[in-house]
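So the sequence shown is numbered by the working numbering: it starts at 259 and just counts up by one.
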Amino acid sequence: MTGVVILAVTYILSQFFRSFLAVLAPQLTRDLGIGEAALSSAAGLWFIAFALMQFPVGFALDRYGPRRTVALFLLAAAGGSLLFALAKGATAIIVAMTLIGAGCAPILMAAFFIFARTFPPRRFAMFASLFLAFGLGGGVLGSAPLALAVDAVGWRQVMAGLAAVTTVLAAVIVSLVRDRPATEPADQHGGSLLDLLRMRELWPLMAMAFVAYAPAANLRGLWAGPYLTDIHGFDLAGVGNATLAMAIALIVGTIAYGPLDVVFRTRKWIPVVGSSLNILVLAGLVLLGSGAAGTAVTLLTAITLFGASYTLILAHARSFMPPELLGRGITLMNFFSIGGAGTTQFLSGGVFALAGAKTSSGTAYAAVFAFYALLLAAGLLAYLFSRDRPPESDGLPTSGRR
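So, in structure tokens, the structure goes:
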């Protein structure tokens, strides 16, 4: 399992890259004159590029395995980090974030691909949650520690160093990650993406995946920084500490969600409860977010805690997938999850700009939080029509396969 350990270390980097912009946002505004709309576009394109790459990643995992897939993509992330370090304006930052998002696309899916082929299906959510929780340490590094590093050496030097680290990790993966057991051949003719899209059992899960992760990802990854700075007067250290709390809550939530499908014998109703709680927290942020700073930070932290149900939604979907389509299946679900986060990041920037043009900045941020609450409610409504697949049903045939 040496390869899984290396992938876990590399996934820390991926989580760092999807969340660090919240801390750097005030610095980029000061040094490069980049506003909230451009930063929202940059953050959104990270997720969009990550999501679009899930299709070639899924094919490559099924055909070539994790080693070559991850190592090759990481070179794009290294190039994006270097471009970020050299950026002179918004365009370079946007292109850099797009490259980094594309480069990080296969890391988590490579590990999930290995888990799906190595462990019993009923243990998939637990192992996936533990791996994800470990990698979420990157969100911790992208909070208060990043703020300290930026204060010490500057954001350009930090990004240049990350480019070097990413390149080294690509070389280590080539050396240590195994594609598959020697006795297991690559899948050459294992169905297609259309076979998965025809499975009606997956449709409500795709809708839920599209919205479930977006509030935690977008608020932690970008909006927390400008919001706490503009509304509550936080400095760089304050933003770093607040996003650190959010990152830790995301780790705790991910670990807590992991075994619950086995404990409660359901994969459907646990995300339903968690997302319902998140809708209530977002509503609280709309109503109380401009009040006490402590209340705002507490509510932001709760959003990442309750918004960590991704691995259970993925395990729910994985229970319907035929073995020959595992690589394409898990990456398809990740496409909806990350694509949803990217799309909503773009849309939230438009909501903020539209509301901010007519009202105060406090009302504009409240409009953003309300937008996420309504979107999550819509996805939850679709998910209620899904068919549950508790762990004890693993291995039984599904009616929607063709």
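The beta-carbon is built from N, C-alpha and C at its ideal position, and this holds for glycine as well. On a predicted model such as this, the values are computed, not experimentally measured, just so you know.
How about residue i and residue j: are their beta carbons less than 8 Å apart?
i    : j    : result
S450 : I489 : no
V281 : G498 : yes
F392 : A266 : yes
Q312 : N592 : yes
G293 : M384 : no
L406 : L508 : no
R525 : D646 : yes
Quick one: residues in its chain with C-beta nearer than 8 Å to the C-beta of residue i, no 5 flanking neighbours on either side, listed in chain order?
i    : result
T327 : V315, A318, L319, P364 and A368
P439 : Because the pLDDT at P439 is just 48, under 50, the model does not fix this residue reliably, and the value given afterwards should be weighed accordingly. Excluding sequence neighbours, P439 sits near nothing in its chain.
A402 : A495, G498, N499, T501 and L502
P462 : A640, Y641, L642, F643 and S644
Q446 : Only weak support is given to the placement of Q446: the predicted model assigns it a pLDDT of 48, under 50, and the question is left unresolved by the model.
L341 : A350, V353, A354 and L357
T441 : Because the pLDDT of T441 is 37, which lies under 50, any placement of that residue in the model is unreliable, and the number read from its coordinates should be weighed accordingly. Excluding sequence neighbours, T441 sits near nothing in its chain.
N476 : A301, A599, T602, Q603, S606 and Y630
T227 : Residue 227 is absent from the structure shown; the chain starts at 259 and stops at 660.
L427 : I264, V267, T268, L271 and L332
Ordered along the chain, which non-local residues of its own chain (more than five positions away) have a Cβ less than 6 Å from that of residue i?
i    : result
A503 : T559
G565 : P473, A474 and N536
R523 : P648
F278 : G400 and L404
I351 : A300 and A345
F594 : M464, A467 and F468
F610 : A622 and V626
A628 : V544
Y471 : Y568, S595 and A599
Using DSSP with H/G/I as helix, E/B as strand and the rest coil, what is residue i?
i    : result
P314 : helix
P403 : helix
R645 : coil
T524 : coil
L558 : helix
P529 : helix
V408 : helix
I292 : coil
D519 : helix
A500 : helix
Q446 : The predicted position of Q446 is uncertain, since its pLDDT is 48 and thus under 50; no value can be drawn from it.
A363 : coil
L271 : helix
Y471 : coil
F492 : coil
V626 : helix
P484 : helix
R325 : helix
G585 : helix
P462 : helix
G347 : coil
Alpha carbon to alpha carbon, how far is residue j from residue i? Give it in angstroms, no decimals.
i    : j    : result
T601 : R436 : 34 Å
K697 : L333 : Residue 697 is absent from the structure shown; the chain starts at 259 and stops at 660.
I358 : Q603 : 16 Å
S577 : A348 : 43 Å
L540 : E459 : 29 Å
S339 : G552 : 34 Å
F331 : I571 : 26 Å
V430 : I264 : 8 Å
V555 : G620 : 15 Å
A421 : G400 : 15 Å
I545 : R321 : It should be noted that the sequence gives Leu, not Ile, for residue 545. Distance between the alpha carbons of L545 and R321 is about 50 Å.
T376 : R586 : 17 Å
A514 : R478 : 19 Å
A295 : G608 : 8 Å
R288 : S533 : 36 Å
T512 : F389 : 9 Å
V398 : A505 : 5 Å
F275 : L518 : 29 Å
I561 : L590 : 25 Å
L557 : G542 : 7 Å
A444 : P580 : Low confidence applies here, because A444 scores a pLDDT of 45, under 50, leaving its location unreliable and the question unanswered by this model.
S567 : I528 : 8 Å
L286 : L303 : 17 Å
R414 : G491 : 25 Å
L455 : T487 : 43 Å
To the nearest whole angstrom, what separates the beta carbons of residue i and residue j, a pair I think is in contact under 8 Å?
i    : j    : result
V423 : G598 : The Cβ separation is near 29 Å, so there is no contact.
Y485 : Y630 : About 12 Å; that fails the 8 Å criterion.
V531 : L638 : Between L638 and V531 the Cβ distance is about 10 Å, and since that is not below 8 Å, they are no contact.
I270 : G419 : About 15 Å; that fails the 8 Å criterion.
V262 : A329 : Not quite, the Cβ-Cβ distance comes to about 15 Å (not below 8 Å), so this is no contact.
M417 : A343 : 4 Å
A360 : F370 : With 8 Å as the limit, A360 and F370 do not qualify as a contact, their Cβ atoms being about 18 Å apart.
If I measure Cβ to Cβ from residue i and keep anything under 7 Å in the same chain, skipping five residues before and after, which residues do I get?
i    : result
A283 : L297, L480, G483 and P484
A613 : T621, A622 and A625
A374 : F382, R576, L584 and I588
C362 : S272, F275, F308 and A335
T260 : L434
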